[in-house]
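Participant: Have a look at this one.
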Amino acid sequence: MRVLVVGSGAREHALAWKLAASSRVEEVLVAPGNAATADLGRNLPRVSSSDPACVRDAARRHAVDLAVIGPEDALAAGAADLLRDDGVAVVGPSAHAARLESSKAFCKAFLLRHQIPAAHASEVHDRAALQRLLADHAGPLVLKMDGLAQGKGVLESDDREALLRFGTAALASGPVLAEQYLHGFELSLFLLMDGNRATMLPICSDYKKAGDGNAGANTGGMGAVCPVPWVDAALAATIDAQIVQPTIRGLRAEGLLYRGVLFIGIMVTEHGPRVLEFNVRFGDPETQVLIPLLATDLAELLWAAANGNLAQAPLRWHDQTAVTVVAAADGYPAGYRSGLRVASLPPSGDPRGEVFHASTKRTGDHVYTGGGRCFSATGLGSDLASARTNAYALLEQVRFPGGWWRTDIGAHLFNAAPPRNS
Ligand code: AMP
Ligand code: GLY
């Protein structure tokens, strides 16, 4: 089959890398792609992933059979709808279902309607209401912008002034959700759905904060680990019973059970697991740990999901651990420079793991950075310690001016025990 991957990040690189290894795939096209995906298939550099008509026209031109849509903005803009109308098998929901991610208010109302455990929240529509809410609540609070914000539309703080500043700015683009602050351990859970059924993929842990020790601003994700050692069968069963099954029932009841990936952000608190958010796509950087652990054919799996046939696709995972660490540009997640010349990268095919590119460009013999999160170094190992060592060893070979990364990805998991029900 001819497969189109929409996007240019390290997530899309990981998907294209695995798809290119499939005997069922004739050609992988990546729109627009990056310097590394060009070596795996063909980039379509003039196709903007956020322009659905442009993506649809490219799929027509290249006789695409299967499309996998990476970024949420493409889904929210209706790329999956247009491609499906054209007869392409698509991994990704309709714009209607994508509101589960693109509107925090829609997501919260869905959680409430289906009694899925989540933080208490209220919607705020103006500055006066925000001021009243901040005055009425003691302790830390979480404010969330309504629309898509690349993981940066959320502030957790107990500083009233910072909350008021953030909330006032966020109100300019719509209502703001004010949420109870949940203490606990965060997990990323992915359901691959085929319109009838959903399969749970191995649970990952993402590092959302910019700094070591989870300090600093929210980012799109600075690293990830899979599987998470303290998630035992009992916790997985609780998550399945309290979150996954009610979510699937709710999606089905509302006609939202789609063909694609549902990503559930979960906080495991001492009172049990709570949903933080839904996303309607693969995670970045979680995909960079999930995909290298997949032992079976990704093209076959995604084709089955896109055609309502998941039960037919073989699905097995390597008995290994994967750790990915993101190398970011100086200044990220605030302002940063791109177009920086990359001085060195480890070669692809290293037995320790793989370095995935995000939005890089090649000019002549040189690779240049393209975004805030520039590379994602995934180490594999028989256990967490060796996977972590391999990820950081690969990262030492990733050199570009001002590049930095968190040094503690996977480290706390050695000590952490799961929170117990009180
Ligand atoms: P979201 O986009 O809703 O996932 O929020 C981004 C990040 O903010 C999450 O990954 C969490 O780290 C944090 N967060 C969101 N909601 C809460 C909450 N209610 N309590 C504590 N942290 C939260
Ligand atoms: N890593 C979180 C996300 O993809 O939204």
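Here the sequence shown is numbered in the working numbering, starting from -5 and rising by one per residue. Using N, Cα and C, we set each Cβ at its ideal position, and we do this for glycine too.
#1: Looking at ligand 2, does it come within less than 7 Å of Q200, judged from the CB to the closest heavy atom?
#2: When every heavy atom of ligand 1 is checked, does at least one fall within less than 7 Å of the C-beta of K355?
#3: For the beta strand (DSSP E) that R268 lies in, which residues bound it at each end?
#4: Measuring CB to CB, does N273 end up less than 8 Å from D188?
#5: Starting from Y386, trace the alpha helix (DSSP H) in both directions and tell me its first and last residue.
#6: Could you spell out the range, first to last residue, of the beta strand (DSSP E) harbouring T357?
#7: Can you have a look at S353 and say buried or exposed, based on whether 16 or more other CB atoms are within 10 angstroms of its CB?
#8: Taking the alpha carbon of L9 as the reference point, which residue from S17, V118, L(-2) has its own alpha carbon closest?
#9: What residue range is occupied by the uninterrupted beta strand (DSSP E) comprising D79?
#10: Pick from R382, D324, L407: whose alpha carbon is nearest that of G396?
#11: To the nearest whole angstrom, what separates the beta carbons of G329 and R346, a pair I think is in contact under 8 Å?
#12: Pull every residue with its beta-carbon under 5 Å away from any heavy atom of ligand 1, and keep them in chain order.
#13: How should E155 be labelled, buried or exposed, when 16 other C-beta atoms within 10 angstroms of its C-beta is the threshold for buried?
#14: Taking the straight line between their C-alpha atoms, what separation do you get for A293 and A15?
#15: Expressed to the nearest angstrom, what Euclidean distance is found between the alpha-carbon atoms of F350 and Y362?
#16: Please state whether the Cβ-Cβ distance between L176 and T263 is less than 8 Å.
#17: What do you reckon, is the C-beta of D79 under 7 Å from a heavy atom of ligand 2?
#18: Going residue by residue through the stretch 0 to 70, where are the continuous alpha helix (DSSP H) segments of at least 4 residues, counting only ones entirely within it?
#19: Can you give me the Cβ contacts of L108 inside the same chain, cut-off strictly under 6 Å, excluding the 5 residues immediately before and after it?
#20: Is the beta carbon of I403 less than 8 Å from the beta carbon of V219?
#21: Would you say A230 and I258 are within 8 Å of each other, going by their C-beta atoms?
#22: What's the gap between the Cα of N37 and the Cα of L106?
#23: With distance defined between alpha-carbon atoms, name the residue in C368, D130, W311, T357 nearest to P327.
#24: Taking contact to mean 3 or more Cβ pairs, one atom from each stretch, closer than 8 Å, check whether the stretch 282 to 302 and the stretch 134 to 151 are in contact.
#25: The alpha helix (DSSP H) with D130 in it runs from where to where?
#26: Give the DSSP-derived three-state secondary structure of I258 in the structure shown.
#27: Taking 7 Å as the line, does the beta carbon of P327 fall inside it for any heavy atom of ligand 2?
#28: Using DSSP with H/G/I as helix, E/B as strand and the rest coil, what is R(-4)?
#29: For A247 and N190, what's the separation of their Cα atoms in angstroms?
#30: With H, G and I counted as helix, E and B as strand and the rest as coil, what does DSSP make of A156?
Facilitator: On the basis of the supplied data:
#1: Position 206 of the sequence shown, counted from the first residue, corresponds to residue 200. According to the sequence as given, residue 200 is Asp; it is not Gln. Flag set: Cβ of D200 near ligand 2.
#2: As a position in the sequence shown, residue 355 is number 361, starting the count at 1. False, no ligand heavy atom lies under 7 Å from that Cβ.
#3: Taking the first residue of the sequence shown as position 1, residue 268 is located at position 274. It spans 266 to 273 - the beta strand (DSSP E) in which R268 sits, taken as one unbroken run.
#4: Position 279 of the sequence shown holds residue 273. Position 194 of the sequence shown holds residue 188. Not in contact: N273 and D188 (Cβ atoms no closer than 8 Å).
#5: Sequence index remark: in the sequence shown, residue 386 carries index 392 (1-based). Here the alpha helix (DSSP H) through Y386 covers 378 to 390.
#6: Counting from one through the sequence shown, the residue named residue 357 turns up at place 363. Here the beta strand (DSSP E) through T357 covers 355 to 357.
#7: Numbered from its first residue, the sequence shown carries residue 353 at position 359. That one is buried.
#8: Translated into positions along the sequence shown, residue 9 becomes position 15. Looking at the Cα atoms, L(-2) is the closest of the given residues.
#9: For the purposes of this step, residue 79 is identified with residue 85 of the sequence shown, where counting begins at 1. Taken as a continuous stretch (DSSP letters only), D79 belongs to no beta strand (DSSP E), being part of the alpha helix (DSSP H) at 73 to 79.
#10: Here residue 396 corresponds to residue number 402 of the sequence shown, with the count starting at 1. Minimum Cα distance to G396 is reached at D324.
#11: Numbered from 1 along the sequence shown, position 335 holds the residue referred to as residue 329. Numbered from 1 along the sequence shown, position 352 holds the residue referred to as residue 346. That belief does not hold up - the Cβ atoms of G329 and R346 are roughly 33 Å apart, past 8 Å.
#12: A113, V136, V148, E150, E173, Y175, L176, K202, G259, L270, E271
#13: For the purposes of this step, residue 155 is taken as residue 161 along the sequence shown, with counting starting at 1. E155 is exposed by the Cβ-count criterion.
#14: What you label residue 293 is simply residue 299 of the sequence shown in a count that begins at 1. What you label residue 15 is simply residue 21 of the sequence shown in a count that begins at 1. Each residue's alpha carbon lies about 9 Å from the other.
#15: Position 356 of the sequence shown holds residue 350. Position 368 of the sequence shown holds residue 362. The straight-line gap from Cα to Cα measures roughly 14 Å.
#16: For the purposes of this step, residue 176 is identified with residue 182 of the sequence shown, where counting begins at 1. For the purposes of this step, residue 263 is identified with residue 269 of the sequence shown, where counting begins at 1. Cβ atoms of L176 and T263: closer than 8 Å.
#17: Mapped onto the sequence shown, residue 79 falls at position 85. Result no, Cβ not under 7 Å from ligand 2.
#18: 4 to 14, 46 to 55, 66 to 70
#19: Start at 1 with the first residue of the sequence shown, and residue 108 comes out as number 114. First, the residue type needs correcting, since residue 108 is His and not Leu in the sequence shown. Closer than 6 Å at Cβ, skipping near neighbours: P240, G244.
#20: Locating residue 403 in the sequence shown gives position 409, where the first residue counts as 1. Locating residue 219 in the sequence shown gives position 225, where the first residue counts as 1. Cβ distance < 8 Å, so I403 and V219 count as in contact.
#21: Start at 1 with the first residue of the sequence shown, and residue 230 comes out as number 236. Start at 1 with the first residue of the sequence shown, and residue 258 comes out as number 264. Not closer than 8 Å, so no.
#22: For the purposes of this step, residue 37 is taken as residue 43 along the sequence shown, with counting starting at 1. For the purposes of this step, residue 106 is taken as residue 112 along the sequence shown, with counting starting at 1. So the alpha carbons of these two residues sit roughly 42 Å apart.
#23: By 1-based counting over the sequence shown, the position of residue 327 is 333. Measuring from the Cα of P327, the nearest candidate turns out to be C368.
#24: no
#25: For the purposes of this step, residue 130 is taken as the residue at position 136 of the sequence shown. First-last of the alpha helix (DSSP H) with D130: 121 to 130.
#26: The residue labelled residue 258 in the question sits at position 264 within the sequence shown. If DSSP states are grouped into helix, strand and coil, I258 belongs with the strands.
#27: As a position in the sequence shown, residue 327 is number 333, starting the count at 1. No; taking the cut-off as 7 Å, the Cβ of P327 has no heavy atom of ligand 2 nearer than that.
#28: In the sequence shown, residue -4 corresponds to position 2, counting from 1. If DSSP states are grouped into helix, strand and coil, R(-4) belongs with the strands.
#29: Here the question's residue 247 lines up with position 253 in the sequence shown. Here the question's residue 190 lines up with position 196 in the sequence shown. Distance between the alpha carbons of A247 and N190 is about 12 Å.
#30: Translated into positions along the sequence shown, residue 156 becomes position 162. In this structure, A156 counts as helix in the three-state DSSP scheme.
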